[in-house]
Structures are given as structure tokens and as C-alpha cells.
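Notes to accompany the following structure.
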Amino acid sequence: MKNIAVLLSGNGVFDGAEIQESVLALLALSQAGASYHCFAPNINQLHVVNHLTGEVEVNAQRNVLQESARIARGDISDVSALNIAQFDGLIVPGGFGAAKNLCDFAIAGGDCVVQPQVESFIQEFVLASKPMGFMCIAPIMLPRIFKNSPKGTIGNDRATAQAFNEMGGEHLESTCADIVIDKQNRLVTTPAYMLATSIAEANVGIKKLVTEVLGMC
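See below:
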């Protein structure tokens, strides 16, 4: 049975992991007969967003690992606890947490850096040549992880695509039903809710991504 690590960035589209993307990825893995285990960094979120009003709660503070545990039903580990030998691949759902907590693209744009613990976690999969799938805004980290012009997609947002290219990547425009495969780096990306207007639309690309990552294992 293939065992896949899933990297979460909190709980909620505006300040953490996109919940529907995360659950769809876990469902697709389970339906394909794979096992999985969730991880998240044990750090504070950039900020907390009231998902009803869209406003930042100025005095609130939440922990990324603790919030991600809500999606994982408590079965989750700190990224520092990874034993790479136990896993065949990695999947990273999107949500603004990927651009706020896993890296600082939401603030720094093309000058962003990946959170050190997260970078070390992902580099374990790179060094072991294990396949990885990134969805939604999460692929924006790839040019910081790979130094050989990784191919990927966030859909068709011109400004984000330009930043991806300026950071050293090669962005390929796509729809939410598409996946982009970088065979050299063993990467799969899909836009998901960067473009999807419903959970059914998001599911099309996510299922393809999970299928392709498992096929690469």
C-alpha cells in the first residue's frame, strides 16, 4: 500500500489550508487504496481571519499544527517528525495558509521565502526523488524549492504566474480540470480553487493530481 504525506497549513481558506481541497485529496487517496498521514508546522499562523466577515481578528492567535489537526481529526504530526522512509510521496493542498504560513508569498510576493521547517520537510522528498503534488496557490513555493526551472500551474492569474516565472519557475496556464506534470522533478500541480467555482469542479483536477502522484510512486 502506498503511503502519502499530506502537508496542511491550518484550517480555513483565508488563513490556513483550504478545507475542501484537503478533504478531497484525502478522499481521493483513500478511494485509490492508499494510506496517508497529515503533517503541519508547529508555528503560529500569520494572522486569524474571521471567515464569516473576512476581517482579520487583530488580537487572535492560532497555531498551524493545532488548527490543521481539525482537518486530520487529530491524527497529525509536526513536520519535524517526518521519517521519509515511511512515505512514497507528498501532497500539498492550497488555501491562503500555503502563502501565509508555509511561505510568505502573500506578503513578500516574488521575494518570498519558504518557512524553514517546511522547506526542510519538502526537501526530504526532493532528495529522495519522491513524487509531489501541489494544488491551488501552493505551487508558488516550487521555484524556491527547486533551482532548475520547475514547471507548474496556479491556473491563469497573470500576476501570480509572472511572479512564479520571475522566481525561476516555468508557469503553464491551465484550467481547474487540468494537471501540469514536470517529469524531471516528479511534480504534479493543479489550480483547484484558484479557478474552480464549485467543489465538483475542484474535484476533477484534484483526483487527477492524486492519481498521477500515486502512479509516479
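First residue of the sequence shown: 2, per this note's numbering; consecutive thereafter. Backbone N, C-alpha and C fix where the C-beta goes; we use that ideal spot for every residue, glycine too. Just so we're clear, the structure is a prediction, and the values are computed from it rather than from any experiment.
Once DSSP output is grouped into helix, strand and coil, what is the label at residue i?
{"i": "A41", "result": "strand"}
{"i": "M195", "result": "helix"}
{"i": "N202", "result": "Checking the sequence, you will find Glu at residue 202 rather than Asn. If DSSP states are grouped into helix, strand and coil, E202 belongs with the helices."}
{"i": "Q136", "result": "Note that residue 136 is Met in the sequence shown here, rather than Gln. Strand, per DSSP."}
{"i": "D183", "result": "strand"}
{"i": "I155", "result": "coil"}
{"i": "G90", "result": "strand"}
{"i": "D76", "result": "coil"}
{"i": "E58", "result": "coil"}
{"i": "T176", "result": "coil"}
{"i": "A6", "result": "strand"}
{"i": "V14", "result": "coil"}
{"i": "S36", "result": "strand"}
{"i": "V24", "result": "helix"}
{"i": "V211", "result": "helix"}
{"i": "E171", "result": "strand"}
Residue j and residue i - do their beta-carbons sit closer together than 8 Å?
{"i": "D79", "j": "N102", "result": "no"}
{"i": "I146", "j": "V115", "result": "yes"}
{"i": "Q21", "j": "A178", "result": "no"}
{"i": "P117", "j": "A18", "result": "no"}
{"i": "G75", "j": "M217", "result": "no"}
{"i": "A70", "j": "I77", "result": "yes"}
{"i": "L173", "j": "A33", "result": "no"}
{"i": "P140", "j": "T190", "result": "yes"}
{"i": "N4", "j": "F88", "result": "yes"}
{"i": "N45", "j": "N64", "result": "yes"}
{"i": "L8", "j": "F122", "result": "yes"}
{"i": "A29", "j": "I207", "result": "yes"}
{"i": "L188", "j": "L143", "result": "yes"}
Tell me whether residue i is buried or exposed, calling it buried when 16 or more other Cβ atoms sit within 10 Å of its Cβ.
{"i": "T154", "result": "buried"}
{"i": "M186", "result": "Reading off the sequence, residue 186 comes out as Asn, not Met. With 16 or more Cβ atoms within 10 Å of its Cβ, N186 is classed as buried."}
{"i": "A164", "result": "buried"}
{"i": "K131", "result": "buried"}
Can you give the beta carbon distance from residue i to residue j, rounded, assuming they're within the 8 Å contact cut?
{"i": "S175", "j": "P151", "result": "No, S175 and P151 are not in contact; Cβ-Cβ is about 15 Å, not under 8 Å."}
{"i": "F15", "j": "V50", "result": "4 Å"}
{"i": "S81", "j": "A41", "result": "Not a contact, Cβ separation roughly 11 Å."}
{"i": "G169", "j": "K148", "result": "7 Å"}
{"i": "A1", "j": "V211", "result": "In the structure as shown, the chain begins at 2 and stops at 218. Residue 1 is therefore absent and cannot be evaluated."}
{"i": "C264", "j": "A73", "result": "Within the shown structure, residues of the chain are numbered from 2 to 218, placing residue 264 beyond reach of any answer."}
May I ask you to verify whether the region 48-61 touches the region 133-140, counting CB pairs closer than 8 Å and requiring at least 3? These segments do not touch.
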